[in-house]
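Only one structure is covered here, and it is reproduced in the block below.
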Amino acid sequence: MLRLSDIKLPLDHPPEALAAAVRTRLGIADDVPIDIAVARRANDARRRTAILLVYSVDVTGTDEDAILARFAGDPHVRRTPDTGYRFVAQAASGGATPRPVVIGAGPCGLFAGLILAQMGYCPIILDRGKVVRERTKDTWGLWRRGVLEPESNVQFGEGGAGTFSDGKLWSQIKDPRHLGRKVLTEFVTAGAPPEILTEAHPHIGTFRLVTMVEHMRATIESLGGEYRFGTRVDDLDVDEATDGTRTIRGLHLADGGYLAASHVVLAVGHSARDTFHMLHDRGVHVEAKPFSIGVRIEHPQGWIDRARFGACAGHPDLGAAAYSLSHHCQNGRTVYSFCMCPGGTVVAATSEPGHVATNGMSQYSRAERNANSGIVVGIDPARDFPGSPLAGIALQRHWERRAFVAGGSNYAAPGQTLGDFLAARPSTGFGSVEPSYRPGVHPTDLADCLPDYAVAAMREALPVFGRQIPGYDHPDAMLTGVETRTSSPVRITRGPDFHSLNTRNLFPAGEGAGYAGGILSAAIDGIKVAEAVALGINAG
10 MLRLSDIKLP
20 LDHPPEALAA
30 AVRTRLGIAD
40 DVPIDIAVAR
50 RANDARRRTA
60 ILLVYSVDVT
70 GTDEDAILAR
80 FAGDPHVRRT
90 PDTGYRFVAQ
100 AASGGATPRP
110 VVIGAGPCGL
120 FAGLILAQMG
130 YCPIILDRGK
140 VVRERTKDTW
150 GLWRRGVLEP
160 ESNVQFGEGG
170 AGTFSDGKLW
180 SQIKDPRHLG
190 RKVLTEFVTA
200 GAPPEILTEA
210 HPHIGTFRLV
220 TMVEHMRATI
230 ESLGGEYRFG
240 TRVDDLDVDE
250 ATDGTRTIRG
260 LHLADGGYLA
270 ASHVVLAVGH
280 SARDTFHMLH
290 DRGVHVEAKP
300 FSIGVRIEHP
310 QGWIDRARFG
320 ACAGHPDLGA
330 AAYSLSHHCQ
340 NGRTVYSFCM
350 CPGGTVVAAT
360 SEPGHVATNG
370 MSQYSRAERN
380 ANSGIVVGID
390 PARDFPGSPL
400 AGIALQRHWE
410 RRAFVAGGSN
420 YAAPGQTLGD
430 FLAARPSTGF
440 GSVEPSYRPG
450 VHPTDLADCL
460 PDYAVAAMRE
470 ALPVFGRQIP
480 GYDHPDAMLT
490 GVETRTSSPV
500 RITRGPDFHS
510 LNTRNLFPAG
520 EGAGYAGGIL
530 SAAIDGIKVA
540 EAVALGINAG
């Protein structure tokens with residue numbers, strides 16, 4: 010099978026145009042029977058008056074060797090890669106004793122548990138939160154009534170933080186083994202739309218993610234896996250040998266229980282701050298890592314559609330327009346868009362009482378009125394929070410508490426129009442862009458909720474973004490604060506064998522450990538760590 014890429018066709022091309030373009034490109038006569046399957050589809054909207062669809066296709070039924078010889082050196086004509094997943098190990102009869110334990114049921118923990126279950130290791134999956142349906146009710150309780158459940162919210166519970174997001178399923182990480190294909194295939198099996206296998210920037214949305222997570226839990230349980238919800242790990246049982254070697258032996262639970270565990274996947278997510286403190290106190294190697302801080306910006310989705318797609322805005326093959334922006338500022342900071350959610354809402358994402366943090370969410374339809382994105386500023390441990398490996402957590406908490414007070418101390422968020430923000434004056438009301446955050450937005454001055462260097466950088470960057478996307482710096486654009494949970498503020502460092510750097514058989518994984526950023530990369534990391542666990546168990 011041949012993979013032919015970079016086939017560009019007009020937006021409204023007829024169905025037969027794709028096959029004709031393939032034949033022309035490869036020099037295949039019309040009377041030679043071939044089969045064509047779309048492997049990937051993207052759009053090229055750099056010229057709004059001539060938007061193109063860009064395809065990669067798989068072609069069968071032709072002399073592959075002859076074509077490859079004719080197109081030697083052409084990167085757009087090659088053999089179709091083998092994207093099939095192959096298990097690296099299989100459990101012995103009866104599985105492993107003690108059973109491997111996965112802490113966290115977000116994307117990373119979910120796929121670590123799934124792969125272990127598919128290999129026969131019958132994992133135990135612990136999560137401090139609730140099953141996804143109950144967790145959804147608690148999350149809506151914060152959004153609708155301002156009532157926070159500290160153990161069941163946007164951050165904690167089955168499905169992890171990715172459940173309440175845009176459900177983006179693409180990443181820029183290197184993936185030579187095509188593990189991302191395994192992730193997408195399992196999602197389709199669990200109920201995701203099949204087009205995520207071919208779209209260049211696939212997404213799912215919250216409502217579909219809920220049912221998919223439930224389906225995958227049922228699969229894991231049918232293979233011998235076990236879930237334990239409402240189970241928080243409060244301490245580790247670590248054995249230290251006379252030579253200083255440290256090895257995990259078990260877990261102390263918040264309810265006073267103890268769970269023997271010789272292989273533990275630590276997939277706790279980027280907001281498990283109490284767990285990070287526990288690990289540091291227990292001597293597990295933890296170091297500070299960079300993250301970003303800023304606000305959510307909202308525009309009517311129609312503004313973004315017209316700016317990106319011109320007269321083609323609203324075309325069904327284009328959907329709601331997205332964007333990606335970045336600017337290097339005079340003060341040495343970089344401001345960039347983060348987790349852009351077309352046709353979505355800004356959501357309350359705090360997990361601690363007396364704090365306000367925001368995130369973005371979309372449904373599969375991306376049909377809500379506003380587009381939203383994080384506009385965030387990169388910060389660095391050595392420059393901005395030196396000292397303890399946990400200093401980044403303290404920095405996040407400081408600005409989240411400031412945002413809570415500025416919003417009215419009732420989980421409403423502080424907000425400001427872009428025009429007022431650029432003019433350095435507090436907002437007393439909002440313009441034509443209605444903020445979507447619930448339980449509400451209080452007009453104020455966001456400069457009180459962010460570091461001075463972040464405010465200065467954003468004030469420089471936003472007019473630049475307005476030159477890149479017309480209307481982006483419209484004075485009525487809405488800013489809601491604060492965005493602090495862009496990534497984990499720590500790295501739970503591991504070696505090339507995926508073990509903790511100084512605690513054997515403890516496997517830091519995913520976003521919380523600082524090794525992923527988003528659903529797909531976290532799930533891929535979960536697969537890799539599950540493989541390391543299985544190989545370690547088999548090695549004895």
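Offset between the sequence shown (1-based) and our numbering: plus 9. For each residue, glycine too, the CB sits at the ideal point set by N, CA and C. Predicted, not measured: the structure shown is a model, and the values here were computed from it.
Notebook entry, point to check: Cα separation between HIS294 and SER509?
Noted result: HIS294 and SER509 have their C-alpha atoms some 7 angstroms from each other.
Check: What does TYR267 pair with, by DSSP beta-bridge criteria?
Finding: For TYR267, the beta-bridge partners assigned by DSSP are HIS261.
Item checked: C-beta contact flag for GLU167 and ASP147 at 9 angstroms -> Cβ distance not < 9 angstroms, so GLU167 and ASP147 don't count as in contact.
Notebook entry, point to check: Run through DSSP, which three-state label would GLU377 get?
Noted result: Assigned with DSSP and collapsed to three states, GLU377 falls in coil, not helix or strand.
Check: On the three-state DSSP scale, how would you describe GLN339?
Finding: Coil at GLN339, not helix or strand.
Notebook entry, point to check: Nearest CA to the CA of LEU268: which residue from PRO448, ILE134, ARG434 and TYR446?
Noted result: Ranking PRO448, ILE134, ARG434 and TYR446 by Cα distance to LEU268 puts ILE134 first.
Next item on the list: Give me the Cα-Cα distance between ALA329 and ASP21, rounded to the nearest whole angstrom.
Entry: Cα to Cα, the separation comes out at about 17 angstroms.
Notebook entry, point to check: Who are the near neighbours of ARG573 in its chain, counting only those whose CB is closer than 6 angstroms to its CB and skipping five residues on each side?
Noted result: This structure leaves residue 573 out entirely; the chain is present only between 10 and 549.
Check: What did DSSP end up calling TYR130 once you bin it into helix, strand or coil?
Finding: Coil at TYR130, not helix or strand.
Check: Quick one: Cα of ARG144 to Cα of GLN164, how far?
Finding: Rounded to whole angstroms, ARG144 to GLN164 spans 10 angstroms at the Cα level.
Checklist line | Beta-carbon proximity check, VAL8 vs LEU13, cutoff 9 angstroms | finding: The structure shown does not extend to residue 8, since the chain spans only 10 to 549, so no value can be given for it.
Margin query: Can you tell me where the alpha helix (DSSP H) holding PHE413 begins and where it ends?
Written below: Note, PHE413: alpha helix (DSSP H), 400–415.
Check: Once you ignore the five residues that flank VAL450 on each side, which residues in its own chain have a CB closer than 7 angstroms to its CB?
Finding: So the list reads ALA421, ALA422, GLY424, PRO444 and THR489, once near-sequence residues are dropped.
Next item on the list: In angstroms with no decimal places, state the Cα-to-Cα distance between ILE16 and ALA518.
Entry: Between ILE16 and ALA518, the C-alpha separation is close to 38 angstroms.
Notebook entry, point to check: Whose C-beta lies closer than 7 angstroms to the C-beta of GLY323 among residues of the same chain, with five residues either side of it excluded?
Noted result: Annotation for GLY323: ASP314 place their beta carbon closer than 7 angstroms to its own, counting only its chain and skipping 5 residues before and after.
Check: Can you name the start and end residues of the beta strand (DSSP E) that ASN52 belongs to?
Finding: Counting along the chain, ASN52 sits inside the beta strand (DSSP E) bounded by residues 44–53.
Next item on the list: State the DSSP-derived secondary structure class of PHE507, mapped to helix, strand or coil.
Entry: Correct three-state label for PHE507: coil.
Margin query: Taking the beta carbon of LYS183 as the centre, do at least 16 other beta carbons fall within 10 Å, making it buried, or is it exposed?
Written below: Using a 10 angstroms sphere on the CB of LYS183, the tally of other CB atoms stays under 16, which defines it as exposed.
Check: Which same chain residues, not among the five before or five after ALA199, have their C-beta less than 6 angstroms away from its C-beta?
Finding: If you ignore the 5 residues before and after ALA199, its C-beta comes within less than 6 angstroms of the C-beta of MET221, HIS224 and MET225, all in its own chain and listed in chain order.
Check: Which residues in the same chain have their Cβ closer than 8 angstroms to the Cβ of ARG494, if we skip the five residues on either side of it in sequence?
Finding: Result list for ARG494: GLN164, ALA170, HIS279, SER280, ALA358, ALA366, ASN368 and GLN405, in chain order.
Check: In chain order, what residues of the same chain lie with their CB nearer than 7 angstroms to the CB of VAL473, ignoring the 5 residues before and after it?
Finding: Within the same chain, and ignoring the five residues on either side of VAL473 in sequence, the residues whose Cβ sits closer than 7 angstroms to its Cβ are HIS336.
Next item on the list: Closer than 6 angstroms by C-beta to TYR1: which residues in its own chain qualify, once you throw out the five before and the five after it? Chain order, please.
Entry: The question about residue 1 has no answer here: the residues shown for the chain are numbered 10 through 549.
Item checked: Backbone CA spacing between THR251 and VAL47 [nearest angstrom] -> Between THR251 and VAL47, the C-alpha separation is close to 59 angstroms.
Notebook entry, point to check: Is VAL41 helix, strand or coil by DSSP?
Noted result: Per DSSP, reduced to three states, the secondary structure at VAL41 is coil, with no helix or strand assignment.
Notebook entry, point to check: Where does HIS364 land, buried or exposed, given buried means 16+ other C-beta within 10 angstroms?
Noted result: Sixteen is the threshold: when 16 or more other Cβ atoms of the shown chains lie within 10 Å of the Cβ of HIS364, as they do, the residue is buried.
Next item on the list: Could you name the residues of the same chain whose beta carbon sits closer than 7 angstroms to that of GLY138, not counting the 5 residues immediately before and after it, in chain order?
Entry: Contacts found: ARG144, GLU160, SER161, PHE165, GLY166, GLU167 and PHE238.
Notebook entry, point to check: In angstroms, rounded to a whole number, what distance separates the CA positions of SER231 and LEU399?
Noted result: Distance between the alpha carbons of SER231 and LEU399 is about 39 angstroms.
Item checked: Integer Cβ distance of ILE536 from LEU188, believed to fall under 8 angstroms -> Contact between ILE536 and LEU188 holds, with the beta-carbon distance rounding to 5 angstroms and staying under 8 angstroms.
Check: Skipping 5 residues on each side, what residues in its chain have a beta carbon closer than 7 angstroms to that of PRO156?
Finding: Residue 156 is actually Val in this sequence, not Pro. So the qualifying residues of the chain are GLY150.
Note to self: With DSSP as the reference, identify every bridge partner of GLU160, one or two as the case may be.
What the structure shows: None; GLU160 has no bridge partner.
Check: Assuming ALA316 and ILE478 make a contact with CB atoms under 8 angstroms, what is their CB distance in whole Å?
Finding: With 8 angstroms as the limit, ALA316 and ILE478 qualify as a contact, their Cβ atoms being about 5 angstroms apart.
Checklist line | Chain-order list of residues whose beta-carbon lies under 7 angstroms from that of CYS562 (same chain, five-residue window excluded) | finding: Nothing can be reported for residue 562: it is not among the residues displayed for the chain, which extend from 10 to 549.
Note to self: Short of 8 angstroms in beta carbon distance, which residues of its chain neighbour SER180, apart from the five on each side in sequence? Order them along the chain.
What the structure shows: The answer, listed in chain order, is GLY189, GLY526, GLY527, LEU529, SER530 and ILE533.
Next item on the list: Please name the residue, chosen from PRO109, ILE124 and ALA391, that lies closest to VAL274 on a Cα-to-Cα basis.
Entry: PRO109 is the residue among PRO109, ILE124 and ALA391 whose C-alpha sits nearest the C-alpha of VAL274.
Next item on the list: Look at HIS212 and ASP244 and say whether their C-beta atoms are less than 9 angstroms apart.
Entry: For the pair HIS212 and ASP244, the CB atoms are not nearer than the 9 angstroms cut-off.
Check: Could you give the distance in angstroms between the alpha-carbon of LEU427 and the alpha-carbon of GLU307?
Finding: Annotation: LEU427 to GLU307 spans about 10 angstroms, alpha carbon to alpha carbon.
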